[in-house]
Each structure stands twice: as structure tokens, then as C-alpha cells.
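The sequence shown begins at 275 in the working numbering and counts up one residue at a time. Written below as C-alpha cells is the structure these notes are about.
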Amino acid sequence: MRTLDASTPSPTALLSAAARAAHPLADQPPHLLNDTDAQALCSLFEPSPLSYQLGAAQHPIMAAARISTVARSAFAGRLIGDSGLGQLLVMGAGLDTSVSTGFGGRVLAVDRPDVLGWRAELVAEAGIEDASIPVAADLTEPGLVDALGAAGLDATAPTAVVALGLSMYLTAADNRAWLTALSCLPPGSMVVFDALLPDVDADEAGRGYAAAITANAGGREPWHWRPSADEVDMTLKASGWGSVAITAESDAVPAAFWQANPGLVRQRLVQLIHAQVLPPTTL
């Protein structure tokens, strides 16, 4: 059995998997997703991060983290399914296979080499079928598009780009860099990602959650970018993306789910963002 310790390449990726795994077990239906792959990954660890999730399922911070994780995955999954696009690029892929579930086209998973190696080991041990193509790349360095091309990205095909739980760990400049690099994708391509509001724009519940997560992290994997909605819009448009739509996370969750789970608290903190590459004349 494996353990979650200082040698784990991405603790955040594992804890996100535990949140997705716990959702159908801890929350009342209608569920936003059912990630059986995440459950299988958690079973490889002792103690299991899933057991930790379930043991404190109704703790306000644990519940908020769980709902945030599944809400963004479900949001991205709906947009991918509705897009009809045949190529999917998962940035900062970590251990997430949920956004590509049922996707019939080419999937490229981008992350650091150590994270991708860890991911490959875990999915093999868990018996998970992962058809994604690993792309080892540093999102903050030049050469991202070249690395994608070498891995098999079809640069002529409109592509869905998904980057969940990523933007807050990069600086504003680093986020502009990868968004600008990928704006070379053909018109019709789209990007879906999440971003945290600054405290001044968050509500009391959101500020409390952010403070608790920051304190618990103890300086590990710190947040660097918490833009306002206006800053997100300007960043995307300056990076070559258009048709920007920003949805509050709580608004992306069906009302029926909130009604079935009255103990869960809506909070204003996470922005779910969708933008497209438009023809030059419409930017």
C-alpha cells in the first residue's frame, strides 16, 4: 500500500481525487458525478484519503472542498460533451480522468514529468483504462505548443482545453503565458478553467474557506493568483480568447442538489470560466 507523505508528487491531486470519490457516498442525489476511477485510486493508499473524506464529510471545510471539486469537474464535463469537439487537452492533469470520461477523441494529459510518472503507476495499479497521451511540460516555460505537437496534438483541429484547480497555483504572468500559447489553436477551440476571487469580492463563507485552506496548507502549494472577474476577462482577451463567460460555482450546481443537501453552504469564491478562440474579425 502507498502512503500520502512528503514524497507524494502532488498531494492536491490526490486530495481532489478523494473529494470526487466521496461525493456520491457523502452527499444526497442528484449527484453531480460518480468518479469510480477516483475511488479505485484512493484504495491504493493507507490510510485512504477517501476514508478521511468520509470521516469528516459534514465538516464545513471538507464539504466545501468536496463540492467545489465536483462542481468544476461536472461543469467542464458538460461543456466538453456539448461542444462536439474531437480533441481534449487537460492541463495540470494530476490524477483526474473524470473530465475525459466518455470522450471519444484524442486526449492529451499535460503535467510535470514526476506527476505523470506517478499517475501512470497509480492507474496501472488500480486497473484503470487511461487512454490519454502523457505530455511532460512545464506550463510556465516556452515550448508548450512544441511539446504538444510532438505528442500528437492536431494543430488544425478545434480543441477543448481544460485546466481545473490550476490557475491559483500559477502567477498572473504564468497564466497569461499558457493562455496565450494555446490561443494559436484554431477557431472553435475552447478553454474551461476555474479561478479564485480575491477576498474583497468573495463572501464571508468564501473568505473563511480560503483562510482555512491556506492555513492547512502550511505554505505547501501556495496560491499566487486570485483575480477579479474583470481581470479574468481582460487576461483572456489580451491572451487571444473571446466570448468569455464567467459563472459563479454555486450557480453551476443544479438547484435540486442544493435542495437535497440543505446542510451544504453556498459560497462566493470560485469562478468557472469558459472562453473560445474566435475568428480574428470577431475578437
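Using N, Cα and C, we set each Cβ at its ideal position, and we do this for glycine too. Note that the structure is a prediction, hence the values are computed from the model and not measured.
Given residue i, which residues of its chain have a CB within under 7 Å of its CB, disregarding the five upstream and five downstream residues?
{"i": "serine 281", "result": "none"}
{"i": "alanine 526", "result": "Ala345, Phe349, Leu546"}
{"i": "alanine 291", "result": "Ala312, Leu315, Cys316, Leu369"}
{"i": "tyrosine 483", "result": "Ile335, Ala338, Gln541, Leu543"}
{"i": "leucine 299", "result": "Leu328"}
{"i": "phenylalanine 531", "result": "Pro304, Leu306"}
So, using beta-carbon positions, are residue i and residue j closer together than 9 Å?
{"i": "proline 334", "j": "valine 539", "result": "yes"}
{"i": "glutamine 541", "j": "alanine 479", "result": "yes"}
{"i": "alanine 337", "j": "glycine 537", "result": "yes"}
{"i": "methionine 442", "j": "arginine 500", "result": "yes"}
{"i": "proline 416", "j": "proline 553", "result": "no"}
Give me the Cβ distance between residue i and residue j, rounded to the nearest whole Å; I'm assuming they're in contact under 8 Å.
{"i": "leucine 307", "j": "glycine 351", "result": "7 Å"}
{"i": "leucine 587", "j": "aspartate 468", "result": "Past the boundaries of the shown model lies residue 587; the chain is included only from 275 to 557, so the question cannot be answered."}
{"i": "leucine 470", "j": "leucine 543", "result": "6 Å"}
{"i": "valine 397", "j": "leucine 459", "result": "Not confirmed; about 27 Å, so no contact."}
{"i": "leucine 353", "j": "histidine 498", "result": "About 25 Å; that fails the 8 Å criterion."}
{"i": "cysteine 371", "j": "aspartate 404", "result": "Position check: residue 371 holds threonine in this sequence, whereas cysteine was assumed. 6 Å between Cβ atoms; contact."}
{"i": "alanine 410", "j": "leucine 427", "result": "That belief does not hold up - the Cβ atoms of alanine 410 and leucine 427 are roughly 14 Å apart, past 8 Å."}
{"i": "proline 528", "j": "proline 303", "result": "Not confirmed; about 11 Å, so no contact."}
{"i": "valine 364", "j": "serine 406", "result": "7 Å"}
Spatial neighbours of residue i within its chain, please: C-beta separation below 6 Å, excluding the five flanking residues on both sides.
{"i": "glycine 368", "result": "Ser284, Ala287"}
{"i": "leucine 557", "result": "Model confidence at leucine 557 stands at a pLDDT of 49, short of 50, so the residue's coordinates are unreliable; what they give is reported in the following sentence. So the list reads Gly516, once near-sequence residues are dropped."}
{"i": "alanine 421", "result": "Val409, Ala411"}
{"i": "methionine 275", "result": "Glu320"}
Considering only the alpha carbon of each residue, which of the options lies closest to residue i?
{"i": "glutamate 495", "options": "Gly355, Ser322, Leu444", "result": "Leu444"}
{"i": "leucine 324", "options": "Gln302, Ile354, Thr277", "result": "Thr277"}
{"i": "glycine 355", "options": "Asp370, Gly376, Ala522, Pro304", "result": "Gly376"}
{"i": "glycine 358", "options": "Ser463, Glu523, Gln541, Ser513", "result": "Ser463"}
{"i": "alanine 296", "options": "Ala522, Pro321, Ala331, Ile487", "result": "Ala331"}
{"i": "aspartate 301", "options": "Ala534, His548, Leu552", "result": "Ala534"}
{"i": "proline 472", "options": "Val397, Val466, Ala485, Gly426", "result": "Ala485"}
{"i": "alanine 424", "options": "Pro408, Leu413, Glu415, Pro554", "result": "Pro408"}
{"i": "valine 373", "options": "Thr414, Leu427, Arg294, Pro416", "result": "Arg294"}
{"i": "leucine 418", "options": "Asp448, Glu395, Arg393", "result": "Asp448"}
{"i": "threonine 555", "options": "Gly514, Glu505, Glu395, Thr488", "result": "Gly514"}
{"i": "leucine 362", "options": "Val465, Pro501, Pro416, Ser524", "result": "Val465"}
{"i": "alanine 512", "options": "Thr521, Ala451, Ala530", "result": "Ala451"}
{"i": "serine 347", "options": "Ser322, Gly360, Asp309", "result": "Asp309"}
{"i": "alanine 476", "options": "Asn490, Ser524, Pro461, Ala519", "result": "Ser524"}
{"i": "alanine 446", "options": "Asp279, Thr414, Val474", "result": "Thr414"}
With a threshold of 8 Å on Cβ separation, who are the neighbours of residue i within its own chain once the five nearest residues in sequence on each side are excluded?
{"i": "alanine 522", "result": "Arg542, Val544, Gln545, Leu546"}
{"i": "alanine 400", "result": "Asp311, Ala314, Leu315, Ser317, Leu318"}
{"i": "valine 518", "result": "Val506, Asp507, Leu510, Lys511, Ile547, His548, Ala549"}
{"i": "tyrosine 326", "result": "Ala292"}
Would you say residue i lies against chain C (beta-carbon separation less than 9 Å)?
{"i": "arginine 542", "result": "Any reference to chain C falls outside this structure, which holds one protein chain only."}
Count the CB pairs spanning the stretch 372-387 and the stretch 333-341 that are closer than 8 Å, and state whether there are at least three. no
Specify whether the stretch 454-462 and the stretch 367-381 touch according to this definition: at least 3 beta carbon pairs, one from each stretch, less than 8 Å apart. no
Decide if the stretch 308-322 is in contact with the stretch 420-436; the criterion is three or more beta carbon pairs, one per stretch, under 8 Å apart. no
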